[in-house]
Structure formats: structure tokens, C-alpha cells
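Protein chains in written order, with my numbering: chain W, 1 to 210; chain G, 1001 to 1210. Have a look at the structure below, then the notes.
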DNA sequence: GTCTATAGGGGGATAGAC
DNA sequence: GTCTATCCCCCTATAGAC
């Protein structure tokens, strides 16, 4: 067992190479537009090997999808359940982490959101996302602030929509904003870095009014 | 000419039936996942007819895409160039119109954003969206407010990102928020109706801080 | 204009040699 | 495990009758 992991680590096993390539292509083009031949080529292996390891395009996709969603939810859970930080500090952490994360992995938001739509109930229904949010310290701190009259709008969904909307949407509509602003990739990323500081301040201001 | 239009109006010409069906399917599934057979079936006609009228899947798609983008930009331009309303009023109008529009056509945002991504430069480069925004009264009013010190953050792109993020993102991530909130379609739509009043208030509060 | 039938090609998957 | 060659289905597009 230990030996197997060692081997994997030192030469990036074929299986891992295929998964890495699949991740890239699926994230960029979505399930339907992806051809297994593209994945094989990118992985530097033969098409037959893909099926040898993963049986079918669909099974490979399911694995990538699951890992992507899991990665996303885990990073979410990590911040939302930190018991040392205040609600305000958590907003800063979420903003900071997500903007960095999406800058590194700019294809994940549209990928997840458009593939989830096709699967609709399939994925959402079985994932414990509702429990994750409802049981989080983040959620409880929000409730508490509402009771104390520190937050005007009581519905936590609006709160989440606002935070994620301000953080994620600019990336999703990147081509649009690059077009409007006449920006290149670097200039766009610089804008996003600015938002690391701006979003928490804006959220703070929004909290007080209704 | 007039006669032709009359005929079209009274029996919804085959061409229009195909386009309507194509619109639905493309918007819901995207280009790659759409099969021309689905469109033909939905239009109640034979597959061969689709090619008779539109030559190819791609040409049909281009038409739908163009019309969709045009419809979107026109509704945008209409509000942004209204010369009777203040900037504040325009934010209210945009919020109101877009929430109603997307509630009627919930598939358009993800459709446009994910298909634009594949086409990247193809579409964005040739559309006059930059000019549309830069020449708009909306834009000039924003500049003016910045000069007068009424808006803390001077970059109009941040302003646009915030408005659209708060309005559009909840719809894009609808399955996610329905899952978290345990909502059905009606309850979700009710939340969106609430946001018609909330978003302008929030924007107003954000404007003052930096 | 509208249909049936079919050509043509692309892409997922497998057989079988090494 | 990895490759080459190939099968086979599905989907787009066209031919040709009506």
C-alpha cells in the first residue's frame, strides 16, 4: 500500500495524468463538448487507455465532477466553521480565499453551475449542502447578529447571495467585463485583487440597511 | 410584403416555429448538448425541414445567439440611455426590469455566459458593447457622481459588476440556493421579487463607502 | 414545402497484439 | 499497461419522391 503511493508520487501515474487532463478539458468545455480523444491527447496517452482505466467517458466525468464539488464544499466548510473568527472576519476570509481560488481555477464556477443545471436534482438532492450551511458557525453568527439588530435583512439566503454574487459573478462574466472595460487578462486580475478589500467593506455597509 | 407578414402572423410560419423551438432547446442545453432532432420534434416538424430552412445546426445557432444577445443589449441600452431619470432611479429600473426578465427567461444568463466563453473573442470583439456603455447616459451620470464625491469607488466596472452580480448571480446559482434554502420554485421566485426592492437600497449604501 | 430514406462522418468503446 | 486497428452507433446533412 505504502509502496503503491510511493510509486504514484514519483512518476505521476498514468491514471493521475488522465484525471488531470480530464479535469482541464471538462472544466473548460463541459461534458457534452468534450471529446475523449482530446483528453487522451492532452494526457499524452492513447485513447484506449482512458477506457482501460475509467470504463467510460461518463464514469470519468462523474469522478471529476464529484472531486470538484467536494473541493469547493470543503473550502467553504473550512472558513464557515472556523470558531475563532467573528462574522465580519469570516466575510473577509471568504472573499480573500475565493478570489484567489477562482483566479487560479477560473473555469470552475461556470463548469459547476452549468453542469449542475443539467443534473439538477441528481447532484443537489444528495449532497449535504443544506446541512453544511445550516449547521455552520457562520450561519449561527448571522442569526445572532439578526437577533441583536445588527443586520437589517434577516434572511441568510440574501446574505449568501450577496457575498457570492459580488465575489463570483465578475469571474463568470469575465469576457463581458473585459470587453466593456477594454481590459487584458492582467488588468482584469488586478481589478479582482482590488475587490478583495472592497467586497467586505461593501457587505458591511449593506448589512445595516434594508 | 405586408401580405407576407399577415400570413406569418396568423399561422406562425414553420420557420418561426423552428426558431422558437431552437431557442428553447439551445438556451436550456447549450450548443454541444443540443440535437437537431430535439429541435425538430419540439417544433412538430421533420428534421429535414430544419436544414431546408437554416442549412445547418451551426447557422441556426448563430441566429439564435445573435438574437438573444441583441435582445439583452437592447433592454440594457433602453434603460441606460433614458435621459429623464437620475442615476439612482436607473439602478431601480435596471433591477426591476432584469429580475422580471430573467424570471421569465431563466435560462438566458447561463446560456449567454457559457456560450460566449467558447466563442470568446469571436462575439465580444465585434459587438459594440464597450461603446454602448461608454456612451450611455448611465455611464456619464456615474462619472459625474464620482467627481462630485457622491460615489467613493471611481471605477465604473466595479459599479456594474456589483449591480449585475446582485441581480443575476442568484438566478445562475438557483439550484444551489434552492438546495441550501430548501425552497421550491415559487418560494425562490418570491425571494427574487423581494430583491427588487432590496438591491437598489443595498447599492445606495455601498456607494458611499470604500 | 414537407416528407422518407439514406449517405457520411465523428466519437465512444472494444478486440487483440505486444 | 500500452498500443493499433476497428467496430458501431448516433447525429448531421442531403437526395429524391410527393
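Ideal Cβ positions, reconstructed from N, Cα and C, are used throughout, including at glycine.
Residue 88 of chain W places its beta carbon less than 9 Å from that of residue 200 of chain W.
Considering only beta carbons, the part of the stretch 1108-1123 of chain G lying closer than 8 Å to chain W consists of 1110, 1113, 1114, 1116, 1117, 1118 and 1120, in chain order. Per DSSP, residue 152 of chain W lies in no alpha helix (DSSP H) and is assigned neither H nor E.
Close to residue 1158 of chain G, with beta-carbon spacing below 8 Å, are these residues of chain W in chain order: 191, 194, 195 and 198.
Identification of chain G residues near residue 170 of chain W by a Cβ-Cβ cut-off of 8 Å yields 1161 and 1165, ordered along the chain. Residues of the same chain with a CB within less than 6 Å of the CB of residue 94 of chain W, apart from the 5 flanking positions on each side, are 79 in chain order. Here the alpha carbons of residue 172 of chain W and residue 1196 of chain G stand approximately 22 Å from one another. For residue 34 of chain W, the closest alpha carbon among the candidates W:166, W:149, W:111 and W:52 is that of W:111. Of the candidates G:1029, G:1058, G:1184 and G:1178, G:1178 places its Cα closest to the Cα of residue 131 of chain W.
In terms of beta-carbon proximity, residue 149 of chain W stays away from the interface with chain G, with every pair separated by 9 Å or more. Contact annotation for residue 1033 of chain G against chain W: 30, 31, 32, 33 and 118 [CB-CB distance below 9 Å, chain order].
Those residues of the stretch 86-107 of chain W placed with their C-beta closer than 9 Å to a C-beta in chain G are 107, ordered along the chain. Annotation: Cβ neighbours of residue 1177 of chain G in chain W (cutoff 8 Å, chain order): 157, 160 and 161. Cβ contact annotation for residue 188 of chain W (same chain, cutoff 6 Å, sequence separation greater than five): 178, in chain order. Counting only runs of 4 or more residues that sit fully inside the stretch 56-135 of chain W, the alpha helix (DSSP H) segments are 57-80, 87-104, 108-119, 121-124 and 129-134, in chain order. DSSP places residue 1035 of chain G in the coil class of the three-state scheme, outside both helix and strand. Closest option to residue 134 of chain W, judged by alpha-carbon separation, among W:182, W:81, W:174 and W:109: W:81. Between residue 206 of chain W and residue 1206 of chain G a beta carbon distance of about 6 Å is seen, short of the 8 Å cut, so the two are scored as contacting. Residue contact with chain G for residue 133 of chain W: present (Cβ-Cβ distance below 9 Å to some residue of chain G). A residue is called buried when at least 16 other Cβ atoms come within 10 angstroms of its Cβ; residue 165 of chain W meets this threshold and is buried. Boundaries of the alpha helix (DSSP H) around residue 1147 of chain G: 1137-1147.
Inter-segment contact for the stretch 1012-1030 of chain G and the stretch 12-27 of chain W is absent: fewer than three beta-carbon pairs are separated by less than 8 Å. The residues 1152 and 1153, in chain order, have a CB closer than 8 Å to that of residue 1210 of chain G in the same chain once the five nearest residues on each side in sequence are set aside. In the DSSP annotation of this structure, the continuous segment of the alpha helix (DSSP H) that includes residue 199 of chain W starts and ends at 185-207. With contacts defined by Cβ atoms closer than 9 Å, residue 1176 of chain G and residue 124 of chain W form a contacting pair. Contact annotation for residue 1059 of chain G against chain W: no contact, minimum CB-CB distance about 18 Å [criterion: below 8 Å].
In this structure, the CA atom of residue 1170 of chain G is about 14 Å from the CA atom of residue 116 of chain W. Using a Cβ distance threshold of 9 Å, residue 1043 of chain G and residue 30 of chain W do not count as a contacting pair. Distance from the CA of residue 1180 of chain G to the CA of residue 138 of chain W, rounded to the nearest whole angstrom, comes to 14 Å.
Residue state for residue 179 of chain W is assigned as helix, using DSSP reduced to three classes. DSSP places residue 51 of chain W inside the alpha helix (DSSP H), whose first and last residues are 47-54. Looking only at G:1012, G:1085, G:1092 and G:1038, the smallest Cα-Cα distance to residue 1140 of chain G is reached by G:1085. In the three-state reduction of the DSSP assignment, residue 165 of chain W falls in the helix class.
Using a CB distance cut-off of 9 Å, residue 125 of chain W counts as an interface residue toward chain G. What residue 209 of chain W touches in chain G, judged by beta-carbon distance under 8 Å, is 1201, 1202, 1204 and 1205, going in chain order.
Close CB contacts of residue 1057 of chain G within its chain, under the 7 Å cut and outside five residues either way in sequence, are with 1036 (chain order).
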